[in-house]
Amino acid sequence: MKSDLFSSEHMAEQATVPGMTLQNAKSIKYAVNGEMHARQGSMVAFRGNLQFEHKSQGIGGLLKRAVTGEGLPLMAVRGQGEAWFAHEAANCFIVEMEQGDALTINGRNVLCFDASLAYEIKTVKGAGMAGGGLFNSVFTGHGKLGLMCDGYPIVIPVTPQQPVFVDTDAVVGWSAQLNTSLHRSQSVGSMIRGGSGEAVQLRLDGQGFVIVRPSELKPEKASSH
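Numbering (this note's numbering), first residue to last: 1 to 225.
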């Protein structure tokens with residue numbers, strides 16, 4: 001049988017080292033040797049001796065019930081083998097974190113991560129319940145974090161001289177050391193008259209970066225499992 005489908009570009013090769021790599025722009029491959037964590041329902045294929053634990057309770061303090069702003073739970077993957085993760089053909093990228101790093105990520109953009117990373121769910125300071133709630137996960141530790149984004153992400157530097165304002169439906173994440181607050185770019189009178197549709201943004205101050213996706217579409221609510 002012959003086809004471009006079987007070219008090396010599409011063919012999955014046997015992993016030579018454990019851990020996370022990009023299979024292609026739309027999926028992440030993880031060679032599991034022990035344990036890793038992933039967005040529940042994101043596994044699209046696996047081979048080897050792997051067990052998937054969908055229940056958040058009983059796994060310990062790391063796997064909490066509410067993992068993202070949408071309430072999407074994680075799953076633990078244990079054993080030896082290879083697994084592939086993807087979600088609705090979103091673009092995937094890998095962040096390598098070192099000890100001392102801290103990254104705030106919107107839960108809807110988390111695909112998978114090393115078990116060596118810790119996370120804590122926090123309410124974004126200054127945002128309250130406006131702009132989509134903004135309950136984000138702060139990741140710390142040493143290891144790799146697999147993220148996904150609708151379209152190609154835009155990374156914007158933030159400096160003390162140049163704060164950045166982002167749409168709360170488009171923001172993917174930012175340096176955890178940045179200060180956050182809500183910024184109202186319209187007057188009340190303008191909003192009453194119809195306005196521009198861009199009434200409130202998240203303001204980021206300090207030294208670091210912010211990641212946004214080229215879309216303001218609100219994510220669909222996750223179906224219950």
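Each residue gets a CB set at the ideal place from its N, CA and C atoms; glycine is no exception. Owing to the predicted nature of the structure, the values given are computational and were not obtained by experimental measurement.
Between the CA atoms of residue 215 and residue 169 - distance to the nearest angstrom: Separation of residue 169 and residue 215 (C-alpha to C-alpha, rounded to the nearest whole angstrom) is 8 Å.
For residue 87, the nearest candidate out of 45, 143, 114, 140 (CA to CA): The option with the nearest alpha carbon to residue 87 is 45.
N-terminal and C-terminal residue of the beta strand (DSSP E) that residue 23 is part of: Counting along the chain, residue 23 sits inside the beta strand (DSSP E) bounded by residues 19 to 24.
Alpha carbon of residue 136 to alpha carbon of residue 4, nearest angstrom: Roughly 41 Å between the two C-alpha positions.
Same chain only: Cβ atoms within 6 Å of residue 211, ignoring 5 sequence neighbours per side: These residues qualify, in order along the chain: 153, 155, 172, 173.
Beta carbon of residue 29 nearer than 8 Å to that of residue 84: Between residue 29 and residue 84, the gap from beta carbon to beta carbon is short of 8 Å.
Helix, strand or coil at residue 5 [DSSP, three-state]: Residue state, collapsed to three classes: helix.
Delimiting residues of the beta strand (DSSP E) encompassing residue 201: Counting along the chain, the beta strand (DSSP E) containing residue 201 begins and ends at 200 to 205.
Beta bridge counterpart(s) of residue 119 as assigned by DSSP: Residue 119 is bridged by DSSP to 139.
Sequence-distant residues of the same chain with beta carbon closer than 6 Å to residue 60, five excluded per side: Low confidence applies to residue 60: its pLDDT is 38, below 50, so where it sits in the model is not reliable, and the reading given next is rough at best. Answer for residue 60: no residue qualifies.
Inter-stretch contact (C-beta, 8 Å, three-pair minimum) for the segment 200 to 210 and the segment 174 to 181: In this structure the segment 200 to 210 touches the segment 174 to 181; the number of beta carbon pairs closer than 8 Å is three or more.
Minimum length 3: unbroken beta strand (DSSP E) runs contained in the segment 140 to 187: Within the segment 140 to 187, the runs of beta strand (DSSP E) at least 3 residues long that lie entirely inside it are, in chain order, 143 to 149, 154 to 158, 164 to 166, 171 to 175, 179 to 184.
Buried or exposed (CB count within 10 angstroms, at least 16 for buried), residue 22: Counting Cβ neighbours within 10 Å, residue 22 comes out exposed, since fewer than 16 surround it.
Rounded Cβ spacing between residue 91 and residue 25 (contact assumed at less than 8 Å): The Cβ separation is near 6 Å, so the contact holds.
Collapsed DSSP secondary structure at residue 213 in the structure displayed: Secondary structure at residue 213: coil, using DSSP grouped into helix, strand and coil.
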